[in-house]
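Protein chains in written order, with full-length UniProt numbering: chain A, 1 to 315; chain B, 1 to 308. Heads up: the structure comes next, in structure tokens.
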């Protein structure tokens, strides 16, 4: 379908359960807000529902792992090494004799926690920096853009390796906090860039000029007039970033510089199982599958939201 | 063009200094007692301490230490690992393997990505198009720490098509599976980009003109469509290099290839600070220089782009 046809159907096409447009192509009587329109599109997108269902499942596993598996993931017994499925352990036991299914279910918590807090942190940093740089411009913008250049000049994983090593020296516990800090320091640049460009676009709109004319201060203009119009691409970037952060956490844990045992993380389990893959495949497959599905779910969710908010990108 | 190159070089210098400064500050600043760390549990006599402090400039201010580090970095002297081997030597051993692996990965990524992307772009909406598109989505979401061990399990252990590990002196055959794994994400992104840009260019005026004057389809596709579609793909390969490096650390670790990535991984695991910093610094330089080269190549490939 060509873009023109697409535009025609999305604007004027008769939608189920709606008053058909009058002859002559006048627009439908009821108009929707941008968010309403986006929600309308999302509801009809099966990818959105699959992704949302997966996200709900993973979050549920993180909040209440007991719903899925009653076995204790840390109750390991080397006598059961590589033992096949039995009783509650439907996926058998791993190298250490731990319940594979239970460990996989409990592994969701670390991923979700890291992803969520890293996104919150990068969201706040990106929002503030992007907003300030976009709204005020000038030397502040130049400085922030250079800082972003430097941070983006280092491949994420290389920088994360150096940072994690540094933080590892003075940390205790499982390491969730330091992984979140690492991801926060390195991951905010994309969000800040997106925010900056949306703010730049929104700043020169007439309604902003009107608000300024009416005497609104910078803070009020930023909060009430620019932010709501710059939010959609920002949310999309953060949703996709959530998936990327979860993958990065798993990679860091895999490399032994992220979370550390006794923390239960898919990355740690994949690393351990990968070394013993000749003896048993299931301990590798189970966490791999869940990690992939989780990352995929957030990327698909972000894609679906972007398509809904930006009809131009639709195929 | 010359002005553009100079400006880009100046920008690169700023980025480079910023990057190395951060890396250096994080790794070496505020260390408690590196000499004691070097000696382990044994006591360090005052004499030894004095000599080593002077040798490694530990009493100098931080900025002076950083200057010494930069001087070493730029003259190719990366110092020694904790085990006493010159880091430059370790790198010289490791680079050939990594370069072989990366080139092979890029080759596969370009071959499959551009090939399938071209077909998908020409036949949009067909079964082939939709299948490859769905596949690329899965591959993009597949972390390399999943892909590498699973590929090893399926094609190495279960099917036995490829060796499970590459060994100390990897031959080309042993590198095929790791290269496919390493190039998978790039393949997916290249495919998507080629597809979009081919689909756009097929509708361009010059393609219609070429068809109208009776050129063979093969010539229209290869000369008019493909050549113009490849320009954005080239940039992507430059940007992707960072991901390739990250992927190489995991892939080389899993398949036991003695390259830069696995040496870095070993350095991380044995807490070998100098080795990690040396390797990361060099990798960052490679990343920056490659991106500059790709940007310049962009201008050569597309004469419409003028850098001023």
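Ideal Cβ positions, reconstructed from N, Cα and C, are used throughout, including at glycine. Computed from a prediction, not measured in an experiment: that's the story for all the values here.
Determine whether the Cβ of residue i lies closer than 8 Å to any Cβ atom of chain A.
i: residue 246 (chain B); result: yes
i: residue 15 (chain B); result: yes
i: residue 284 (chain B); result: yes
i: residue 18 (chain B); result: yes
i: residue 242 (chain B); result: yes
i: residue 97 (chain B); result: no
i: residue 287 (chain B); result: yes
i: residue 5 (chain B); result: no
i: residue 249 (chain B); result: yes
i: residue 23 (chain B); result: yes
With a threshold of 8 Å between beta carbons, is residue i in contact with chain B?
i: residue 45 (chain A); result: no
i: residue 326 (chain A); result: Only positions 1 to 315 of chain A appear in the structure, and residue 326 (chain A) is not among them; the question remains open.
i: residue 67 (chain A); result: no
i: residue 291 (chain A); result: yes
i: residue 239 (chain A); result: no
i: residue 184 (chain A); result: no
i: residue 295 (chain A); result: yes
i: residue 267 (chain A); result: yes
i: residue 99 (chain A); result: no
i: residue 396 (chain A); result: Nothing about residue 396 (chain A) can be read from this structure; chain A reaches only from 1 to 315.
i: residue 105 (chain A); result: no
i: residue 4 (chain A); result: Note that residue 4 (chain A) scores a pLDDT of 41, beneath 50, so its modelled location is shaky and nothing firm can be said.
i: residue 23 (chain A); result: Residue placement at residue 23 (chain A) is flagged as unreliable, the pLDDT there being 45, under the threshold of 50; a coordinate-derived value is accordingly withheld.
i: residue 62 (chain A); result: no
i: residue 176 (chain A); result: no
i: residue 284 (chain A); result: yes
i: residue 274 (chain A); result: yes
Quick one: using the 10 Å Cβ neighbour count with 16 as the cut-off for buried, is residue i buried or exposed?
i: residue 25 (chain A); result: Summary for residue 25 (chain A): the model assigns pLDDT 48, below 50, so the residue's position carries little reliability, and this model does not support an answer.
i: residue 16 (chain B); result: buried
i: residue 145 (chain B); result: buried
i: residue 171 (chain B); result: exposed
i: residue 223 (chain A); result: exposed
i: residue 303 (chain A); result: buried
i: residue 16 (chain A); result: Any reading at residue 16 (chain A) is ruled out, since the residue's pLDDT is 44, under 50, leaving its predicted position unreliable.
i: residue 128 (chain A); result: exposed
i: residue 216 (chain B); result: exposed
i: residue 54 (chain B); result: exposed
i: residue 213 (chain A); result: exposed
i: residue 265 (chain A); result: buried
i: residue 84 (chain B); result: exposed
i: residue 180 (chain A); result: buried
i: residue 281 (chain B); result: buried
i: residue 149 (chain B); result: buried
i: residue 189 (chain B); result: buried
i: residue 206 (chain B); result: exposed
i: residue 197 (chain B); result: buried
Counting along the chain, where does the alpha helix (DSSP H) carrying residue i start and finish?
i: residue 211 (chain B); result: 205–212
i: residue 256 (chain B); result: First-last for residue 256 (chain B): undefined, no H or E at that position.
i: residue 154 (chain B); result: Per DSSP, residue 154 (chain B) belongs to no alpha helix (DSSP H) and is neither H nor E.
i: residue 50 (chain B); result: 46–55
i: residue 221 (chain A); result: Counting along the chain, residue 221 (chain A) falls outside any alpha helix (DSSP H), and DSSP gives it neither H nor E.
i: residue 189 (chain B); result: 172–202
i: residue 46 (chain A); result: 46–63
i: residue 95 (chain B); result: 87–122
i: residue 104 (chain A); result: 100–136
i: residue 128 (chain B); result: 127–141
i: residue 298 (chain B); result: 273–301
i: residue 186 (chain A); result: 176–203
i: residue 207 (chain A); result: 206–213
i: residue 93 (chain A); result: Counting along the chain, residue 93 (chain A) falls outside any alpha helix (DSSP H), and DSSP gives it neither H nor E.
i: residue 168 (chain B); result: First-last for residue 168 (chain B): undefined, no H or E at that position.
i: residue 84 (chain B); result: That residue, residue 84 (chain B), is in no alpha helix (DSSP H); it is neither H nor E in DSSP.
i: residue 73 (chain B); result: 62–74
Do we get a CB-CB distance below 8 Å when we pair residue i with the residues of chain E?
i: residue 149 (chain A); result: Absence of chain E from the displayed structure is noted, the protein chains being A and B.
Kindly provide the ranges of any alpha helix (DSSP H) runs that are 4 or more residues long and lie completely inside the stretch 242–314 of chain A, ordered along the chain. 266–275, 282–309
If you measure beta-carbon to beta-carbon, which residues of the stretch 148–172 of chain B are closer than 7 Å to chain A? When C-beta distances to chain A are compared with 7 Å, the residues of the stretch 148–172 of chain B below that value are 149, 150, 152, 153, 157, in chain order.
Chain A contacts made by the stretch 251–270 of chain B, where a contact means CB separation under 7 Å: 254, 265, 268, 269
Chain-ordered residues of the stretch 224–238 of chain B with a beta carbon less than 7 Å from chain A: none
Mind checking the stretch 134–148 of chain B against chain A and listing, in chain order, the residues whose C-beta falls within less than 9 Å of any C-beta there? 137, 138, 140, 141, 142, 143, 144, 145, 146, 147, 148
Pull out every residue of the stretch 232–256 of chain A whose Cβ sits closer than 8 Å to any Cβ of chain B, in chain order. 243, 247, 250, 251, 254, 255, 256
So if I threshold CB-CB distances at 8 Å, which residues from the stretch 58–70 of chain B count as touching chain A? For the stretch 58–70 of chain B, which is checked against every Cβ of chain A, not one residue is closer than 8 Å.
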